[in-house]
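For reference, the structure is listed below as C-alpha cells.
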Amino acid sequence: MTADGSTAVFEGRSGGSGPFRFCSVPVDGSAAPLEIGVFPQAFGYVPFEVTPDSSMVVYGLGQEGLFSVPVAGGTPPIRLNGGLAGSGILTWKLGLDGASVVYVSNEARLDAGDLFVVPVDGSAPATQVGASIARQFIASFEPAASGRIAFVTNPSATSHYDLLSGEAMAGAPVLLNDPGDNLVIPGEIGSWGPLLVNTPGGTRSIFAASTGPGVAALFSAPSDGSTPAVELAPLIDSSIPVHVFPSVDGRAAELLFDVRRQRAVFGAVAGEDGPLQLFSVPIDGSAAAVRLNTDFTAGSPGVHYFVLAPRIGRVFFAADQREAGVTELFSVPIDGSKAPRRIVNL
Amino acid sequence: MRTRSSACVSLLACIAPLASPAGAQGVALRTGSGTPSQSLREPSTADVYWLALNRDENRIVYLADRVVDGQARLYAVRPSGGQSLELSAPFASGRSGLSDFEISPAGKSVLYLADHEARARYELYSVGIDGGAVVKISRPQLTGSINRGAYTITPDSERVVFLDGQSKLFSAPLAGGSHVDLSRSLRGIPV
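In the order they appear, the protein sequences are chains A and B.
Under this note's numbering, think of the first position of the first sequence as 1, with each following residue one higher.
Under this note's numbering, think of the first position of the second sequence as 1, with each following residue one higher.
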C-alpha cells in the first residue's frame with residue numbers, strides 16, 4: 001500500500017513459476033492493474049517496498065539485482081546496484097528519508113560483504129560506506145533519521161564484531177562501541193543477529209554487546225561517535241538478553257522509544273528460566289534503568305505483551321502478575337515512578 | 001502487507017486460537033533480520049492474548065477469553081481502567097473466536113478476523129472502537145479462510161485491501177459495502 005492510500009502494489013507469478021511480476025492498482029478499483037516490473041527469481045518471493053512519498057517501488061535481491069520503478073509505471077525499472085560478475089544483493093533497506101536505498105553486496109569484491117548507498121531514482125551510482133575487507137561480514141545495519149547508517153561488522157574478519165557508523169561520501173566510519181566489547185554475544189553466533197536500534201531522531205544508537213565471558217549489557221552511543229558509549233543496563237547472563245517485538249510500523253524492534261521523555265522501554269530475562277520483565281531507561285544513560293513490573297507470582301513467565309503510550313506517559317502490559325495462569329492488564333508510568341496498577345481484572 | 005499496524009508488542013506466544021502464522025507474535029528470539037521467529041516457552045493459560053492502543057491513546061483494545069475458555073473475543077477499555085466493552089459479535093458454541101485484529105489508522109474502528117459463520121472459517125469484520133454494529137467485509141465467495149496478515153487498512157481508514165483464499169486481491173469499504181476485485185485483469189497470476 002502506498003502511504004497516501006491510493007494504490008496497492010503487489011507481486012505475483014503465473015502458475016507458481018516463471019518470473020515475478022510487480023503491479024500497481026488503485027485501491028478503489030477505478031483502473032485495471034498495471035504491470036510495472038518483472039523479476040526473474042525462481043523461488044520464494046521478492047522483497048519490495050514503496051517509498052514514503054508513494055512514488056517509487058524498490059525491489060530485488062540476489063544476483064538478479066536491485067531495481068526501482070515508478071508506482072505509476074511509464075518508465076522501465078532502473079538497476080540500482082553495481083554489476084560485478086557473480087556478485088549479488090544480500091539484503092537491503094530503504095533509507096528513512098525514502099530517497100536512498102542501503103544495501104549489502106559483494107560487488108566491490110566477491111569475498112566481502114560491503115555496505116552501499118544509492119539514490120532510489122538511480123540518479124547517481126552507489127557509494128560504498130567504509131572499506132572493503134576480505135571476508136568482512138555485515139551482520140546488521142540500520143539507516144538512521146540523521147542520514148547516518150549504523151552497521152555491525154567484523155573488520156578484522158574474525159568473530160569479533162564492532163558497531164560502526166558512517167555516511168555515504170563522508171569518509172571513514174566511526175567506531176561506536178568500546179573496542180573490547182563484541183556486538184555479537186557468544187550465545188548468538190550462528191543463530192541471532194546483533195541487537196541494534198537507532199533512536200527516532202537518529203542521534204544515538206542503542207546496542208547490546210558482550211563485555212566479557214557470560215556478561216552482556218545494553219549500551220547507548222551518539223551516532224557520530226563524539227563521546228564514548230555509555231552502559232544503560234546490564235543484561236544478566238542469559239541466552240536471551242533482549243527480545244524483538246513487532247513495532248508500530250510492522251517492523252521488528254528490540255526496544256520502544258518514548259521520544260518525549262527520551263526513554264527506552266525493553267524486555268529482558270533475568271536468568272535463563274526467569275520471568276520476562278520490563279525495564280525503562282533514559283536513552284543517554286543519565287539515570288539507571290528501572291524495572292516497571294513488580295515481582296511476579298512463582299512460576300510466572302512474566303510479561304506477555306506491552307504497548308507504549310507516550311502521549312499519556314504510560315506503559316500498558318499483560319502479565320499474570322497477581323495470579324499464576326491468569327493474565328491481566330496493568331498500567332505503569334513510563335519512568336517507573338509508581339507501581340503498576342491493574343486496569344482489567346479477569 | 002504489514003503484520004501489525006498498532007503499537008502492540010508481544011512477549012509471549014499466543015495460545016491455540018491465535019497460533020496461525022503471521023499473527024500475534026510469540027516471545028521473539030532475535031534474528032539477523034529482526035524477525036520474530038519462535039516462542040521462548042510454552043504459553044500459560046493466558047487470558048489476554050494481545051493488546052493494542054489506538055492513535056489517540058484513549059482506548060486499549062485487547063483479545064481475551066474471559067467468557068469461554070479458549071474463545072477469543074474483542075474488548076475495549078479506557079486507559080484508566082473501568083468496565084471493558086465487548087466489541088465482537090456473539091459467537092456460537094465451539095467457535096475459536098478472533099484470530100487477529102487491527103485498529104484503523106484513525107483509531108475509530110477495529111478490523112478483526114474471526115470464525116463467526118463457521119468453525120475455523122475466518123472472515124473479516126469491522127466494528128467501531130466504541131462498539132456498535134459489526135459489519136462483515138464483503139468478498140465474492142466463501143473459498144476458505146482469509147489468512148491472518150493478508151489484509152491491511154488504507155491510511156485514510158476508509159478501505160480494507162485483502163487477499164482471499166484464492167490469492168486474488170480485493171478492496172472493500174471498512175464501514176461495509178461492495179468489494180472490488182483489484183486483480184480482475186490478471187488471470188493466471190496469483191498474487
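Using N, Cα and C, we set each Cβ at its ideal position, and we do this for glycine too.
Below 8 Å on the Cβ atoms is my contact criterion, and I expect residue i with residue j to pass it. Report the Cβ-Cβ distance as a whole number of Å.
i: Ser280/A; j: Val290/A; result: 5 Å
i: His193/B; j: Pro155/B; result: With chain B running from 1 to 191 in the structure shown, residue 193/B is simply not present.
i: Val61/B; j: Ala72/B; result: Contact doesn't hold; Cβ gap of about 12 Å is too wide.
i: Val160/B; j: Leu169/B; result: Val160/B to Leu169/B, Cβ: 11 Å. No contact.
i: Thr7/A; j: Ser54/A; result: 7 Å
i: Ile283/A; j: Thr199/A; result: 6 Å
i: Arg148/A; j: Gly166/A; result: 7 Å
i: Gly128/B; j: Lys108/B; result: 7 Å
i: Gly82/A; j: Ala126/A; result: 6 Å
Which residues in chain B sit within 8 Å of residue i, going by Cβ to Cβ distance?
i: Val25/A; result: Leu169, Leu182, Ser183
i: Leu329/A; result: Val48, Leu51, Ile60, Tyr62, Val77
i: Ala8/A; result: Val161, Leu169, Ser171, Leu182
i: Phe316/A; result: Leu51, Leu53, Ile60, Pro79
i: His160/A; result: What His160/A touches in chain B: nothing, since even the nearest Cβ is about 17 Å away.
Starting from the Cα of residue i, find the closest Cα among the options and give me that residue.
i: Val303/A; options: Asp295/A, Leu292/A, Phe296/A, Ala319/A; result: Ala319/A
i: Arg109/A; options: Val101/A, Gly98/A, Gly88/A; result: Gly88/A
i: Arg311/A; options: Val48/B, Asp47/B, Arg59/B; result: Arg59/B
i: Ala89/B; options: Ala106/B, Gly177/B, Arg78/B, Glu123/B; result: Glu123/B
i: Val120/A; options: Val152/A, Gly86/A, Phe48/A, Val27/A; result: Phe48/A
i: Ala287/A; options: Tyr305/A, Leu308/A, Ser337/A; result: Ser337/A
i: Phe151/A; options: Asp111/A, Ala126/A, Ala99/A, Lys93/A; result: Lys93/A
i: Ala217/A; options: Ser223/A, Ile206/A, Ser226/A, Asp224/A; result: Ile206/A
i: Ala134/A; options: Pro222/A, Ser105/A, Pro228/A; result: Ser105/A
i: Gln136/A; options: Ser123/A, Thr199/A, Glu142/A, Pro155/A; result: Pro155/A
i: Thr203/A; options: Pro234/A, Leu235/A, Ala209/A, Pro143/A; result: Pro143/A
i: Ile78/A; options: Gly180/A, Glu64/A, Leu84/A; result: Glu64/A
i: Ile146/B; options: His116/B, Leu53/B, Asn54/B; result: His116/B
i: Asp130/B; options: Tyr49/B, Val48/B, Asn54/B, Ala120/B; result: Asn54/B
i: Gly201/A; options: Arg260/A, Ser123/A, Phe316/A; result: Arg260/A
i: Arg78/B; options: Ala118/B, Ser183/B, Leu51/B, Thr152/B; result: Leu51/B
i: Thr152/B; options: Ser80/B, Asp100/B, Asp65/B, Ser84/B; result: Asp100/B
i: Pro228/A; options: Ala3/A, Ala264/A, Gly180/A; result: Gly180/A
i: Ile137/B; options: Ser80/B, Val68/B, Tyr125/B; result: Tyr125/B
i: Gly15/A; options: Ser167/B, Leu74/B, Ser80/B; result: Ser167/B
i: Val307/A; options: Gly29/A, Gly267/A, Ala170/A, Leu176/A; result: Gly267/A
i: Ala85/A; options: Gly98/A, Val102/A, Pro76/A, Glu107/A; result: Glu107/A
i: Asp178/A; options: Leu163/A, Val197/A, Ala172/A, Glu328/A; result: Leu163/A
i: Ala3/A; options: Val57/A, Glu35/A, Phe39/A; result: Val57/A
i: Ala208/A; options: Leu255/A, Pro173/A, Asp224/A; result: Leu255/A
i: Gly122/A; options: Val46/A, Pro76/A, Pro333/A, Ser159/A; result: Pro76/A
i: Asp194/B; options: Val27/A, Pro340/A, Arg341/A, Ala339/A; result: Missing from the structure shown is residue 194/B; chain B here goes from 1 to 191 and no further.
i: Ala106/B; options: Arg21/A, Gly5/A, Phe10/A; result: Gly5/A
i: Leu195/A; options: Ile343/A, Ala157/A, Ser220/A; result: Ser220/A
i: Thr51/A; options: Pro333/A, Thr327/A, Gly95/A, Asn182/A; result: Gly95/A
For a contact meaning CB atoms closer than 7 Å, what does residue i contact in chain B?
i: Ala298/A; result: Here the premise fails: no neighbours, minimum Cβ distance about 13 Å.
i: Val326/A; result: Asp47
Between which two residues does the beta strand (DSSP E) harbouring residue i extend?
i: Lys93/A; result: 89–94
i: Phe317/A; result: 314–323
i: Pro222/A; result: 215–222
i: Met56/A; result: 56–60
i: Glu117/B; result: 109–118
i: Pro26/A; result: 20–26
i: Phe306/A; result: 303–309
i: Ser30/A; result: Looking at the DSSP string, Ser30/A is not in any beta strand (DSSP E), and its letter there is neither H nor E.
i: Thr7/A; result: 7–12
i: Val48/B; result: 48–53
i: Gln277/A; result: 276–282
i: Ala233/A; result: 230–235
i: Leu74/B; result: 73–77
i: Ala209/A; result: 204–212
i: Asp65/B; result: Unbroken run through Asp65/B: none, as it is neither H nor E.
i: Val354/A; result: Residue coverage of chain A in this structure runs from 1 to 346, which leaves residue 354/A outside it and unanswerable.
i: Ala150/A; result: 149–153
i: Tyr45/A; result: Taken as a continuous stretch (DSSP letters only), Tyr45/A belongs to no beta strand (DSSP E), as it is neither H nor E.
In chain A, which residues lie with their C-beta within 8 Å of the C-beta of residue i?
i: Thr154/B; result: Met1, Gly5, Val27
i: Arg66/B; result: Leu346
i: Ser84/B; result: Val344
Any heavy atom of the ligand SAM within a distance shorter than 6 Å of the CB on residue i?
i: Pro234/A; result: Only the bare structure without any ligand can be found here, which leaves the ligand SAM out of the picture.
Along chain A, in chain order, which residues have C-beta atoms closer than 7 Å to that of residue i?
i: Glu57/B; result: Ala309, Arg311, Ile312
Name the chain A residues that come within less than 9 Å of residue i, Cβ to Cβ?
i: Gly81/B; result: Leu329, Ser331, Arg341, Arg342, Ile343, Val344, Asn345
Would the region 112–120 of chain A count as touching the region 69–77 of chain A if we require 3 or more Cβ pairs under 8 Å?
Output reads no: the region 69–77 of chain A does not touch the region 112–120 of chain A.
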